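Beneath this line is the structure, given in structure tokens, with notes to follow.
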Amino acid sequence: MPSSLHEALVSFFRARPLLAAELLAVAQGLAPLGAVEGVMIDTDLSEAVPAEYRADAAILLRGALELALVIEVQLQQDQDKKWSWPAYLTLTRARQRCPAAVLVLTLDPSTARWAAEPISLGPDAMMRPIVMGPAQVPLVTDPAQAQASPELAVLSVIAHGGEPGVVEVGRVAIDAIANVDESRKRLYTDLIFSKVAPEFSRILKEYVMENWQPRSEFLRELNAEARAEALVEGEAIGESRAQFAQ
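Heads up: the sequence shown begins at 1433 in this note's numbering, then just goes up one per residue.
Below you can see the structure in the form of structure tokens.
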């Protein structure tokens, strides 16, 4: 059964289909793709085969690039996917009548290496998914880029949550999600604070306290939570100093 993190990552593409084009450009070492439109398409590919084939998401890119992208969020290795991914590719290509590719998003380096292995389809036929692992997800530190794609900014925080540079990335992402709708703001904020290392999470919560105005119940709750954590931490330091002085 898909996890809450899996569903959250899939929701990024539903909220912003062009995220697929942005990740594709990074993975392929391309310049920004320019005038490209991204639209969600049907992910149920079961009509053409006896078994059910349902990808996480599928996006049709049109304009400067014509490509159908099947999106698969893969948090761990699953050998069955080596059989289903080729089916996703060929069925989507046949249905959309255009070039197609499978884009795999993972937060685990070993899963990224596994997913990037070429899949043999038979004599002289191979398939290689496009893989975005944590090493491929860019560090988004440009405020303009983050404002244009809050989902990419949040993904950057999640992918690099244990690295010192995530503090700057997190601040940029927090600024970018300040004006999204309330449900996305809750989801993205939860992801940021749950996926970064604790020492960086505290710094980012302090940044929220200093820069976000508690205009909504959610932001008031977040401010209260951050202040409570700071108070508990301060009390713990005080007790430690008192014990040391005895």
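The beta-carbon is built from N, C-alpha and C at its ideal position, and this holds for glycine as well.
Every value quoted in this text rests on a predicted model; they were computed, and no experiment measured them.
Can the beta-carbon of residue i be found closer than 8 angstroms to that of residue j?
i       : j       : result
LEU1619 : ALA1489 : no
ALA1544 : TYR1520 : no
PRO1561 : TRP1517 : yes
LEU1492 : VAL1471 : yes
ILE1609 : PRO1582 : yes
ILE1473 : GLN1528 : yes
VAL1442 : VAL1505 : yes
ALA1467 : ALA1496 : yes
If I measure Cβ to Cβ from residue i and keep anything under 7 angstroms in the same chain, skipping five residues before and after, which residues do I get?
i       : result
LEU1590 : Correcting the residue type first, residue 1590 is Ile in the shown sequence and not Leu. So the list reads LEU1539, LEU1623, LYS1627, once near-sequence residues are dropped.
GLY1597 : LEU1571
LEU1451 : PHE1444, PHE1445, SER1581, GLU1583, LEU1584
SER1615 : none
Tell me, please, which residues DSSP counts as bridged to residue i.
i       : result
MET1559 : ILE1551
ALA1533 : LEU1501
GLY1470 : LEU1493
MET1564 : LEU1537
Please go through the same chain and pick out, in chain order, the residues whose beta-carbon is closer than 6 angstroms to the beta-carbon of residue i, but skip the five residues on each side of it.
i       : result
MET1564 : LEU1455, ALA1459, LEU1537
ARG1525 : ALA1532
ARG1494 : GLU1469
ARG1603 : TYR1639
PHE1632 : VAL1598, VAL1599
GLU1498 : CYS1530
LEU1636 : GLY1602
Which word fits residue i, buried or exposed, when buried means at least 16 other C-beta atoms lie within 10 angstroms of its C-beta?
i       : result
ALA1453 : buried
ARG1448 : buried
GLY1593 : buried
LEU1553 : exposed
PRO1630 : exposed
ALA1547 : buried
LEU1523 : buried
LEU1462 : exposed
Starting from the C-beta of residue i, find all residues in its chain whose C-beta is less than 8 angstroms away, skip the five residues before and the five after it, and write them out in chain order.
i       : result
ALA1605 : VAL1572, ALA1578, PRO1582, ALA1585, VAL1586, SER1588, VAL1589, TYR1620, ILE1624
LEU1507 : SER1435, LEU1437, HIS1438, THR1538, LEU1539, ASP1540, THR1543
ILE1551 : LYS1514, TRP1517, PRO1518, MET1558, MET1559, ARG1560, PRO1561
VAL1612 : PRO1582, TYR1620
For chain D, is any of its Cβ atoms less than 8 angstroms away from the one on residue i?
i       : result
GLY1594 : Protein chains in the displayed structure number just one, and chain D is not present.
Segments of 3+ residues assigned as beta strand (DSSP E) that fall wholly inside the region 1502-1526: Listed in chain order, there is nothing to give.
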